[in-house]
Amino acid sequence: MKFHVLAAAAALAVGLAGVAEAHGPTRQKTSKSVEINAAPDKVWAVVGNFQDASWIPIVEKTEGTGGNDKDATRKLTLKDGGAVVEELLTKYDAEKFTYAYRITNDVVKVLPVTNYSSNIVVKGEGDKSTVTWSGAFYRGFPNNDPPPELSDEAALKAVNGLYEAGLKSLKDKVEKGS
């Protein structure tokens, strides 16, 4: 009887070890913030329109439908010719200066991620604001042993670079009034 219990425990341990090794990618999360010398409503006037992503440096053109309503969509045509399609989620709140969206098309060649969702929040008072852009996503390669350009590190580097460039551009645009 003891032998059967020990054999079952050993088989379970071996099986669980195989599951641990077969575990695929984990959800990555990142968040970047910038302080802007402007009132939150002035910042929101630029970043809060889901149909206008012109403050993001890599965006050439934004086309969309649905305004700022749930399920609104926008297509971002990028300066390098790539395109990203995004959908506004239920969390658009103009009074709290926040919205959430997700990418709906496969953009691994543009941004090495899958299952990307993001939110933008503007907070502050007086003539100071902080904008926080956060995202959650999986790397571009769904299986074990990804190529370097589709790894967790590549995904984080790309999204962090996008957020940093976008927030810098937003700060410049709002503070310079352009």
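Counting with mature numbering (1 follows the signal peptide of the UniProt record, and there is no 0), you get residues -22 to -1, 1 to 156 for the letters of the sequence shown.
Built from N, CA and C at the ideal position, the CB exists for glycine as well.
Predicted model, so just to flag it, every value in this text is computed and none were measured.
In this model, G44 and D84 are separated by some 21 Å (Cα to Cα). A residue is called buried when at least 16 other Cβ atoms come within 10 angstroms of its Cβ; D130 meets this threshold and is buried. Residue A31 holds the alpha-carbon nearest to the alpha-carbon of T40 among D47, A31, N46, K48. V86 is positioned such that its CB atom lies closer than 8 Å to that of G118. If you check the CB distance, V12 and L148 come in under 8 Å.
With a cutoff of 8 Å on beta-carbon distance, A17 and E153 are scored as not near each other.
For T43, DSSP records a beta bridge to T51. Of the candidates G144, V91, L140, K151, V91 places its Cα closest to the Cα of P125.
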